[in-house]
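Heads up: the structure comes next, in structure tokens.
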Amino acid sequence: MAKQTGIIKLKGTIGGISFYKTSDGHLAREKGGVDKNRIQNDPAFQRTRENGSEFGRAGKGGKVLRNAIRLLLQNAKDKRVVSRLTKTLVAVTKTDVVNERGLRTLQDGNLGLLEGFEFNLNGKLGATLFAPFAKAFDRVTGEATLDLVAFSPVVRIAAPAGTTHFKLVMGVAELDFENETSTFESDATAILPYTAADTAAIALSATITANSTLPVSQVIGVEFYQEVNGEMYALKNGAYNALSVATVDTL
């Protein structure tokens with residue numbers, strides 16, 4: 006893979022060379038690869054087909070999770086979140102000891118590997134929120150909770166320059182990877198001032214299906230704002246907002 010330089014950037018294929026644009030800039034590479042029909046039918050590519058099947062399953066699972074938490078994710082994600090999430094879910098698939106290779110699934114794997122996943126590497130929750138908090142999910146009632154005692158925002162939250170206000174968010178998603186559907190509920194604080202004065206105690210809760218038999222993921226995040234002439238604006242379009250998988254609960 007080569008990087009295009011110069012004033013004129015090409016797109017398309019010329020003389021067997023494909024020119025295209027990515028988040029890393031304008032690139033070029035030689036067109037080639039194994040024939041698609043051969044990959045689909047040649048016994049020599051059995052492992053390739055198995056890997057492709059599981060990679061595709063992980064990709065669809067990532068879409069299920071992203072769609073479920075889209076309300077919060079749209080405010081806190083980096084440009085590589087799709088590929089990073091897929092990579093983690095491929096690792097989850099590989100922990101499935103129930104199904105044979107090529108047929109392994111997310112629901113039969115160790116979804117606990119998702120815990121701690123950061124949706125925005127530019128603003129990690131672990132490097133942003135330092136206030137002690139208690140999180141919990143009750144499968145019987147379907148309720149997810151987040152509790153924080155009173156704390157000083159300027160001491161307990163590492164905010165980017167220009168922050169005048171912030172908000173804590175929490176969501177819970179019930180994930181049906183097999184049918185590619187989900188259920189999601191969320192809660193959030195009001196937009197609070199980023200000052201030395203202590204906040205009040207914070208208690209957030211959201212409830213999904215009681216006694217669910219599906220995997221459940223709880224996410225926690227922080228959003229930053231700047232007040233200008235009495236109006237609140239997402240600070241730098243949310244570039245430093247944090248959102249992380251706090252809990253994964255399975256039967």
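Each residue of the sequence shown is one higher than the last, beginning at 6 in the numbering used here.
For every residue, glycine included, the Cβ atom is placed at its ideal position computed from N, Cα and C.
{"Item": "Measuring alpha carbon to alpha carbon, tell me which residue in Gly17, Thr204, Asp192, Thr10 is nearest Gly30.", "Value": "Thr10"}
{"Item": "Go through its chain and collect everything with a Cβ distance to Leu78's Cβ below 7 Å, but skip five positions before and after it.", "Value": "Arg71, Phe124, Leu248"}
{"Item": "Taking a contact to mean a Cβ-Cβ separation below 8 Å, would you say Ile268 touches Thr252 in this structure?", "Value": "No information on residue 268 is available, as it lies outside the stretch 6 to 256 that the chain covers here."}
{"Item": "Is it buried or exposed, Ala211, if we count other Cβ atoms within 10 angstroms and call 16 or more buried?", "Value": "buried"}
{"Item": "Classify Asn104 as buried or exposed, calling it buried when 16 or more other Cβ atoms lie within 10 Å of its own Cβ.", "Value": "exposed"}
{"Item": "Helix, strand or coil for Leu111? Go by DSSP, reduced to three states.", "Value": "coil"}
{"Item": "Quick one: using the 10 Å Cβ neighbour count with 16 as the cut-off for buried, is Asp254 buried or exposed?", "Value": "buried"}
{"Item": "Just the C-alpha distance for Phe138 and Ala33, rounded to the nearest angstrom, thanks.", "Value": "48 Å"}
{"Item": "Report the rounded CA-to-CA distance for Ala166 versus Thr110, giving the unit in angstroms.", "Value": "43 Å"}
{"Item": "In the DSSP assignment, the alpha helix (DSSP H) including Thr257 goes from what residue to what residue?", "Value": "This structure does not reach residue 257, given that the chain is present from 6 up to 256, and the question cannot be answered."}
{"Item": "Going by DSSP in three states, Lys65 sits in which element: helix, strand or coil?", "Value": "helix"}
{"Item": "Using the C-alpha atoms, what's the distance from Phe24 back to Ile13?", "Value": "12 Å"}
{"Item": "Is the distance from the Cβ of Ser222 to the Cβ of Leu119 below 8 Å?", "Value": "yes"}
{"Item": "Take every Cβ of the region 48-64, pair it with every Cβ of the region 156-164, and state whether three or more of those distances are shorter than 8 Å.", "Value": "no"}
{"Item": "For Phe135, is the classification buried or exposed, using 16 other Cβ atoms within 10 angstroms of its Cβ as the cut-off for buried?", "Value": "exposed"}
{"Item": "List the DSSP bridge partners of Thr27.", "Value": "Gly30"}
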